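A.B. asks: Order-wise, the sequence lines are chains A and B. For the first sequence, the working numbering assigns the number 1 to the initial residue and increments by one for each residue that follows. For the second sequence, the working numbering assigns the number 1 to the initial residue and increments by one for each residue that follows. Once you've had a glance at the structure underneath, I'll fire off some questions.
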Amino acid sequence: MYRGLRFLSPWTLSGILLALLVVFPILLLVWQWGTLTSVEISIWEHLLEAKILRLTINTLLLVLGVGVLTAVLGTGLAWLVTMCEFPGRQWLEWGLMLPLSVPGYVMAFVYLALFNYSGPVQSLLRDWFGSSHWFPSVQSAPGVILVLSLALYPYVYMLVRAAFLSQGRQLMDAARCLGQSPWQAFMRVAVPAARPAIAGGVALVLMETLADFGAVSVFNFDTFTTAIYNAWYGLFNLAVAAQLATILMLFVTVTLMLETYSRRGARYYSTRVHRPQRYKLIGMRKWIAIWTCLKVIGFAFILPLGQLVYWLSKTGLGEIDSRYPDFLGHTLALGLIAGVITTVVALLLVVSKRFSSNSILLNLTQRLATLGYALPGSVLAVGILLSLRLIERTFEPIIGLRGMLIGTVVALLIAYLVRFLAVAHAPVEAGINFIRPVLVEVARTLGTHPITLLRRIYIPLLRPGLLTALILVFVDVMKEMPATLILRPFGWDTLAVRIYQMTAEGQWERAALPAVTLLIIGLIPVLMLIKSTAVETSSHK
Amino acid sequence: MMKSAISQLTKYSLNLGVLALVACGNQNQVNEGEIKPKEKYTLPVVVYSSRQEHLIKPVFDRFTEETGIVVEFQTGEEGPLIARLDAEGEDTFADILYTVDAGNLWHAGQLGLLQAYTSETINKNIPAHLRDPKNEWFGFSVRARTIVYSTERVDPNELSTYEALADPTWQGRLCLRTSKKVYNMSLVGTLIERLGADKASQIVSGWVSNLATDVFSSDSLLIRAIASGQCDIGIVNTYYLGQEQQANPDLPVAIFWANQDTSGVHVNVSGAGLTTHAKNPEAAMKLLDWLASKEPQRMFSELNLEFPANPNVVADPLVQSWGEFRQDELNVEAAGRRQAEAVMLMDNAGYH
Chain A
1 MYRGLRFLSP WTLSGILLAL LVVFPILLLV WQWGTLTSVE ISIWEHLLEA
51 KILRLTINTL LLVLGVGVLT AVLGTGLAWL VTMCEFPGRQ WLEWGLMLPL
101 SVPGYVMAFV YLALFNYSGP VQSLLRDWFG SSHWFPSVQS APGVILVLSL
151 ALYPYVYMLV RAAFLSQGRQ LMDAARCLGQ SPWQAFMRVA VPAARPAIAG
201 GVALVLMETL ADFGAVSVFN FDTFTTAIYN AWYGLFNLAV AAQLATILML
251 FVTVTLMLET YSRRGARYYS TRVHRPQRYK LIGMRKWIAI WTCLKVIGFA
301 FILPLGQLVY WLSKTGLGEI DSRYPDFLGH TLALGLIAGV ITTVVALLLV
351 VSKRFSSNSI LLNLTQRLAT LGYALPGSVL AVGILLSLRL IERTFEPIIG
401 LRGMLIGTVV ALLIAYLVRF LAVAHAPVEA GINFIRPVLV EVARTLGTHP
451 ITLLRRIYIP LLRPGLLTAL ILVFVDVMKE MPATLILRPF GWDTLAVRIY
501 QMTAEGQWER AALPAVTLLI IGLIPVLMLI KSTAVETSSH K
Chain B
1 MMKSAISQLT KYSLNLGVLA LVACGNQNQV NEGEIKPKEK YTLPVVVYSS
51 RQEHLIKPVF DRFTEETGIV VEFQTGEEGP LIARLDAEGE DTFADILYTV
101 DAGNLWHAGQ LGLLQAYTSE TINKNIPAHL RDPKNEWFGF SVRARTIVYS
151 TERVDPNELS TYEALADPTW QGRLCLRTSK KVYNMSLVGT LIERLGADKA
201 SQIVSGWVSN LATDVFSSDS LLIRAIASGQ CDIGIVNTYY LGQEQQANPD
251 LPVAIFWANQ DTSGVHVNVS GAGLTTHAKN PEAAMKLLDW LASKEPQRMF
301 SELNLEFPAN PNVVADPLVQ SWGEFRQDEL NVEAAGRRQA EAVMLMDNAG
351 YH
């Protein structure tokens, strides 16, 4: 009896229910198009024969390249700005978050326009040297990897930075006392201790990479995602597209499970942090640190912004009309509401796992619930459409829901929740891992109600993680294009939709105005985060 | 119809409600452009369009001016729009599906999302090869996909047909756009229809071995590659060249009308059809008829440098400057029917 109750505790139940709600559209998609008629079989034969090898190699190359590059960039930069002191550090620390507001597809078309054969850089080189054939092709695996890494490293940077901040310097000092060199201490102590954060950040980056269609299609780099779209748009076969998407998700699940499994048993708790005493960099090292940060900010933010502003100066502000405040308003409102909803759901999921005894079951459901991030936006949107239709029709006899979900803001918000739950889940989960269980145990022995526990212990201690979650989702929703495009209600154009409309026919210059606006208002959430972390750090005095 | 109007109203109030909930404070703007039931006695025509707003809105505005019928539209990508129409089923508010490329319209027809509409006006104004044989959709503007060449390095007398671009004389001189763009699927689809799969496959393989560089993700990039000397010839939709010429009148790239002595230039359409579950079919039919008339036909040509589908309408001056040409009169429906086959053929030929 007691065991049964424990198994079905309200926390377990609500955790599983919430996760199922999110995973439902994905399951429905798979189920709906699980058909395998002779048409699908012949397409699969074709895929296996002509495409699968190339697609797999390309996708693995991309995932590996972007994964390694963002891990190195994100962790390295986070280390520099949290553990070292050099002139301009505070500015560079937040400057490194700016690229968060640059959508991958914008980064891609700016880089291609700048660096391809007919672009200004190679044209200049031809003027000087007569030929630019020696110039490496941007439309290549290294090109895509570089561009996506520049757009995505901030996810790793933000999570790892938070981890280093709560790690403090004691660990490093202990390692140094035991005779490790600074490099050894970093590699053997600081990095392993920050591993959940690094893994969480890289996992987000990889899921985003797998879901990305915008950037890879600008570079015409064939991956699993382009194959999904080619099956859908080219072969008119959504069944095969959904089946390919399922394989993609299976791959992601296995990878994530392996990562979790490999650090089973390890526990990461923070000693409460003092304001970190930073290592003061002097001489050459100081300049290298500044130069490295500046280079990254330059390539990932200043350069795209500069190119867009240049295009804007050519095309002028003619695109501005009375609806521009609407685009802005919709973009910000959707980002904020979706950010709040998604963060709350993530918090409930993470806490329910903590409270529940059956963590294996919850682990699995939560893993599934966060898979939406690896699913290409339009495919996910179709899953949402199908689920909403099912709900509308099932409940029609009871309440007249018909036609009240599809084509409303509700549909859009559900899509954002399913798509971005992973983004909110990662920082909240990383945060909860740092809360010492003893704190909660003491409170529970004193008979504290779980709700009070949530309000008085979890929420205050998780504040940095919750804020990071809110802001990441906020920015991600603002950048989101494919799902917004198909699910938005009439008249609800956002800046990302505007960019799509301008670039649909390949005229990137015309998208300069909405893109610049998006980059600039993307600064709002980033600034919010900076302000809140500034408060955090100073309160540790 | 009453029920749908009420349900539509509830929908909008729901949207407003969510907004009001967060008090983001721009409710006036949200109201704008949406239905104001008190002022309108007729339902608007609702269009799902994969043609982008700046190309379609001026045309719809003109229709509203002339008839008083309001047009509401939702823009998006073809695939998702068709999937949405399919998912909404009989609940949909869409009266018209407007897409680029006949293949998409053909596919929507296959899914049973469009209904036949026989219109004297359309039959009179739009040539038969630009319409669905079953009258489920109609082409309203024509896009020609033909050869462009560098005026500095190519003598147009060397050029003749799409097929001839597979000839080894063009080794290392050809540029193509990705096979994942529907325009190329259609072009190859019609090659298969005319010449059979084996011959079409040889031609596509010949193109691939003549490529000067990796295929491009857009026609504009391709034209710039020719202008800057990366390659000498390519295949593009003419309006992209028009856009580049408007930006740079001295562009050293020119149009060659392909296959004039054989099948004619490959054309495709942007077009529309009446949805199966249209809530406002009378007004929608009015809009379809009107789209075939002179004024909107002229506007299509002017707005995106395309060719009017109605042969009695004069194109934009820049478009006219490219000269007269003979179109391939194969029904554009073939492009849709052959599309899947064309995609697989291009995969097998290594055309990515």
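All residues carry an ideal CB built from backbone N, CA and C; glycine is no exception. These figures come from a predicted structure and were not determined experimentally.
Going by beta carbon distance, what residues of the same chain come within less than 6 Å of ASN304(B), once the five residues before and after it are set aside?
C.D. replies: Taking the first residue of the second sequence as position 1, residue 304(B) is located at position 304. Excluding sequence neighbours, ASN304(B) sits near LEU55 and TYR239.
A.B. asks: Hey, is the region 279-297 of chain B in contact with the region 184-203 of chain B, meaning 3+ C-beta pairs nearer than 8 Å?
C.D. replies: These segments do not touch.
A.B. asks: Nearest to VAL410(A) by alpha carbon, out of VAL39(A), THR484(A) and GLY179(A)?
C.D. replies: On the first sequence, position 410 is the one that residue 410(A) refers to. That would be THR484(A), whose Cα lies nearest to the Cα of VAL410(A).
A.B. asks: Does any residue of chain B have a CB that is nearer than 8 Å to the CB of ILE486(A)?
C.D. replies: Along the first sequence, one-based indexing puts residue 486(A) at 486. Closer than 8 Å to some Cβ of chain B, the Cβ of ILE486(A) qualifies, so yes.
A.B. asks: Quick one, which residues of the region 112-146 of chain B are near chain A if we go by CB-CB under 9 Å, in chain order?
C.D. replies: Taking 9 Å as the Cβ-Cβ cut-off against chain A, none of the residues of the region 112-146 of chain B qualify.
A.B. asks: Just to confirm, is the Cβ distance from ALA381(A) to ALA422(A) under 8 Å?
C.D. replies: Numbered from its first residue, the first sequence carries residue 381(A) at position 381. Numbered from its first residue, the first sequence carries residue 422(A) at position 422. No, these two residues do not count as a Cβ contact at 8 Å.
A.B. asks: Can you pull out the residues from the region 197-216 of chain B whose beta carbon lies closer than 8 Å to at least one beta carbon of chain A?
C.D. replies: Going along the region 197-216 of chain B in chain order, one finds THR213, ASP214, VAL215 and PHE216 with a Cβ nearer than 8 Å to chain A.
A.B. asks: Could you list which residues in chain A have their beta carbon closer than 7 Å to that of THR178(B), in chain order?
C.D. replies: Here residue 178(B) refers to the residue found at position 178 when the second sequence is read from its first residue. Under the 7 Å cutoff, chain A gives ASN220.
A.B. asks: Let me confirm a value: LYS279(B) is counted as buried when at least 16 other C-beta atoms fall within 10 Å, else exposed. Which label applies?
C.D. replies: For the purposes of this step, residue 279(B) is identified with residue 279 of the second sequence, where counting begins at 1. By the neighbour-count rule (16 or more Cβ atoms within 10 Å), LYS279(B) is buried.
A.B. asks: Considering only the alpha carbon of each residue, which of ALA227(A), PHE490(A) and LEU60(A) lies closest to THR408(A)?
C.D. replies: For the purposes of this step, residue 408(A) is taken as residue 408 along the first sequence, with counting starting at 1. Taking only the C-alpha atoms, the option nearest THR408(A) is PHE490(A).
A.B. asks: Give me the chain A residues within the contact set of ALA347(B), using Cβ-Cβ distance strictly less than 8 Å, ordered along the chain.
C.D. replies: Taking the second sequence and counting its residues from 1, one reaches residue 347(B) at position 347. Contrary to the premise, residue 347(B) reads as Asp rather than Ala in this sequence. Neighbours of ASP347(B) on chain A, chain order: HIS46, ALA50 and LYS51.
A.B. asks: Helix, strand or coil for SER532(A)? Go by DSSP, reduced to three states.
C.D. replies: Counted from its first residue, the first sequence places residue 532(A) at position 532. Note: SER532(A) maps to helix in three-state DSSP.
A.B. asks: May I have the straight-line CA-CA distance separating ARG367(A) from THR209(A), to the nearest angstrom?
C.D. replies: For this step, residue 367(A) is matched to residue 367 along the first sequence. For this step, residue 209(A) is matched to residue 209 along the first sequence. Spanning the two alpha carbons is a distance of roughly 18 Å.
A.B. asks: So, for MET207(A): in the same chain, excluding its five sequence neighbours on each side, which residues have a beta-carbon less than 7 Å away from its beta-carbon?
C.D. replies: The sequence position of residue 207(A) within the first sequence is 207, counting from 1. VAL252, TYR373, ALA374 and ALA422.
A.B. asks: Whole angstroms are fine: how far does the CA of THR92(B) sit from the CA of LEU187(B)?
C.D. replies: Against the second sequence, residue 187(B) aligns to sequence position 187. Against the second sequence, residue 92(B) aligns to sequence position 92. Near 33 Å, if we compare the C-alpha coordinates of THR92(B) and LEU187(B).
A.B. asks: Enumerate in chain order the residues of its own chain whose CB-to-CB distance from ALA334(B) is below 8 Å, with the five nearest sequence positions on each side excluded.
C.D. replies: As a working note, residue 334(B) is residue 334 in the second sequence. Same-chain partners within the cutoff: GLY189, THR190 and GLU193.
A.B. asks: Below 8 Å on C-beta distance, what does THR223(A) contact in chain B?
C.D. replies: Here the question's residue 223(A) lines up with position 223 in the first sequence. The premise fails here: THR223(A) is roughly 12 Å from chain B at the closest Cβ pair, so nothing lies under 8 Å.
A.B. asks: What's the C-alpha gap between ARG419(A) and VAL475(A)?
C.D. replies: Numbered from its first residue, the first sequence carries residue 419(A) at position 419. Numbered from its first residue, the first sequence carries residue 475(A) at position 475. Distance between the alpha carbons of ARG419(A) and VAL475(A) is about 13 Å.
A.B. asks: Is it buried or exposed for ASN268(B), if we count other Cβ within 10 angstroms and need 16 for buried?
C.D. replies: Within the second sequence, the letter at position 268 stands for residue 268(B). By the 10 Å Cβ count, ASN268(B) comes out buried.
A.B. asks: For GLY4(A), name the three-state secondary structure that DSSP assigns.
C.D. replies: Here residue 4(A) refers to the residue found at position 4 of the first sequence. In this prediction, GLY4(A) has a pLDDT of 43, which is less than 50 and means its spatial position is unreliable; nothing more can be read from the coordinates.
A.B. asks: Consult DSSP for PHE327(A) and reduce its assignment to one of helix, strand or coil.
C.D. replies: Within the first sequence, the letter at position 327 stands for residue 327(A). PHE327(A) falls in the helix class under three-state DSSP.
A.B. asks: Name the chain B residues that come within less than 7 Å of TRP94(A), Cβ to Cβ?
C.D. replies: The sequence position of residue 94(A) within the first sequence is 94, counting from 1. The contacting residues do not exist; TRP94(A) stays about 26 Å from chain B at best.
A.B. asks: Rounded to a whole number of angstroms, what is the C-alpha to C-alpha distance between SER532(A) and LEU73(A)?
C.D. replies: Numbered from its first residue, the first sequence carries residue 532(A) at position 532. Numbered from its first residue, the first sequence carries residue 73(A) at position 73. Answer to the nearest angstrom: the Cα atoms are 24 Å apart.
A.B. asks: According to a CB-to-CB cut-off of less than 7 Å, which residues of the region 362-379 of chain A neighbour chain B?
C.D. replies: Residues passing the 7 Å Cβ filter: SER378.
A.B. asks: So PHE213(A) and TRP79(A) are in contact, right, with Cβ under 8 Å, and what is the actual spacing, rounded?
C.D. replies: Taking the first residue of the first sequence as 1, we reach residue 213(A) at position 213. Taking the first residue of the first sequence as 1, we reach residue 79(A) at position 79. Actually they are not in contact, since the Cβ atoms of PHE213(A) and TRP79(A) sit about 33 Å apart, beyond 8 Å.
A.B. asks: Using a Cβ-Cβ distance cut-off of 8 Å, determine whether PRO80(B) contacts chain A.
C.D. replies: In the second sequence, the residue the question calls residue 80(B) occupies position 80. Chain A, which has a Cβ nearer than 8 Å to the Cβ of PRO80(B), makes this yes.
A.B. asks: In the DSSP output, which residue or residues are listed as bridge partners for GLN115(B)?
C.D. replies: Walking along the second sequence from the start, residue 115(B) turns up at place 115. GLN115(B) pairs with LEU274(B).
A.B. asks: Name the chain A residues that come within less than 8 Å of LEU221(B), Cβ to Cβ?
C.D. replies: For this step, residue 221(B) is matched to residue 221 along the second sequence. Per Cβ cutoff of 8 Å: LEU112, ASN116, SER118 and GLY506.
A.B. asks: Report the residues of the region 126-156 of chain A with a CB closer than 9 Å to any CB of chain B, ordered along the chain.
C.D. replies: Per Cβ criterion, the list reads ARG126, SER137, GLN139 and SER140.
A.B. asks: Between the alpha carbons of LYS36(B) and GLY68(B), how many angstroms are there, rounded?
C.D. replies: The sequence position of residue 36(B) within the second sequence is 36, counting from 1. The sequence position of residue 68(B) within the second sequence is 68, counting from 1. The pLDDT assigned to LYS36(B) is 43, lower than 50, so where the model puts this residue is not dependable, and the model offers no usable value.
A.B. asks: LEU380(A) bridges to which residues according to DSSP?
C.D. replies: Looking up residue 380(A) in the first sequence gives position 380. For LEU380(A), which the question treats as bridged, DSSP gives no partner whatsoever.
A.B. asks: Quick check: is the beta carbon of GLN29(B) nearer than 8 Å to any beta carbon in chain A?
C.D. replies: For this step, residue 29(B) is matched to residue 29 along the second sequence. Unreliable positioning characterises GLN29(B) in this predicted model, as indicated by a pLDDT of 36, which lies under 50. The coordinate reading is nonetheless provided below. Taking Cβ atoms only, chain A reaches closer than 8 Å to GLN29(B), which makes this a yes.
A.B. asks: Which complete beta strand (DSSP E) runs does the region 35-106 of chain B hold, if anything under 3 residues is left out?
C.D. replies: List check, beta strand (DSSP E) in window: 45-49, 71-75 and 96-100.
A.B. asks: Against chain B, with Cβ distances strictly below 8 Å, would ARG389(A) count as a contact?
C.D. replies: Translated into the one-based positions of the first sequence, residue 389(A) becomes position 389. Judged by the 8 Å Cβ criterion, ARG389(A) is in contact with chain B.
A.B. asks: Would you tell me roughly how many angstroms separate the C-alpha atoms of TRP44(A) and LEU258(A), rounded to the nearest one?
C.D. replies: Here the question's residue 44(A) lines up with position 44 in the first sequence. Here the question's residue 258(A) lines up with position 258 in the first sequence. Taking the straight line joining both Cα atoms gives about 28 Å.
A.B. asks: Please list the residues of the region 230-243 of chain B that have a C-beta atom closer than 8 Å to any C-beta atom in chain A, keeping them in chain order.
C.D. replies: If the cut-off is 8 Å between Cβ atoms, the region 230-243 of chain B has GLN230, TYR240 and GLN243 near chain A.
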